[in-house]
Amino acid sequence: MERKNFDVQVKEMTDHVTVYLRGELDLAVAAQFRAVVEPLIPIKKQVILNLENLTYIDSTGMGIIIFLLKARNGEGNKFAVENIPANIKKLFDLTGITKFLPIHDPTSDPTMRENL
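First residue of the sequence shown? That's -5 in the numbering used here, and the numbers climb one at a time after it.
Printed below as a string of structure tokens:
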């Protein structure tokens, strides 16, 4: 799904699904993002949001990430984020999201590495 300043791609691997975000995640694209991630709630594989190319996120985008975390936890399914840019990590820290948001380190788990 693409917009001028936003793109989301889903890559399914054997043991997990990675959702790659690029650009600006804000109110204008929130419905598109939610439409992509909602079907991932019941799947048993771990879902990882890769934020490496995310340049901006507003409260709507953060709300969807929290929604996804709570919904996956409610189903007993794993969820994490990885490769958080410094500006977005600072925002997550300021809002307190990092206190309960699992952060995945792809370099520490060779089974989670992907060849793009």
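Idealized CB from N, CA, C, for every residue including glycine.
Does the Cβ of residue i have 16 or more other Cβ atoms within 10 Å, making it buried, or fewer, making it exposed?
i	result
ALA29	exposed
GLY55	buried
ILE82	buried
PHE94	exposed
ALA25	exposed
THR12	buried
ILE42	buried
MET(-5)	The predicted model places MET(-5) with a pLDDT of 47, which falls under 50 and marks its position as unreliable; any figure quoted below should be read in that light. Looking at its Cβ environment, which holds fewer than 16 other Cβ atoms inside 10 Å, MET(-5) is exposed.
ALA80	exposed
Might you give, ordered along the chain, the residues of its own chain that have their beta carbon closer than 6 angstroms to the beta carbon of residue i, omitting 5 neighbours on each side?
i	result
ARG52	For the record, residue 52 in the displayed sequence is Asp; it is not Arg. These residues qualify, in order along the chain: ASP20.
ILE78	LEU45
TYR14	GLN3, ASN44
From the DSSP output, read off the bridge partner residues of residue i.
i	result
GLN3	TYR14
LEU19	ILE51
Who are the Cβ neighbours of residue i in its own chain at under 8 angstroms, not counting the five residues just before and after it?
i	result
ASP112	Lying outside -5 to 110, the shown extent of the chain, residue 112 is not represented and no answer is given.
ILE35	LEU62, ALA65, ARG66, GLU69, ASN71
query: What alpha helix (DSSP H) runs, 4 residues minimum, are completely inside the region 40 to 97?
result: 53 to 68, 80 to 89
query: Counting Cβ pairs closer than 8 angstroms, one from the region 85 to 102 and one from the region 55 to 72, do we hit at least three?
result: yes
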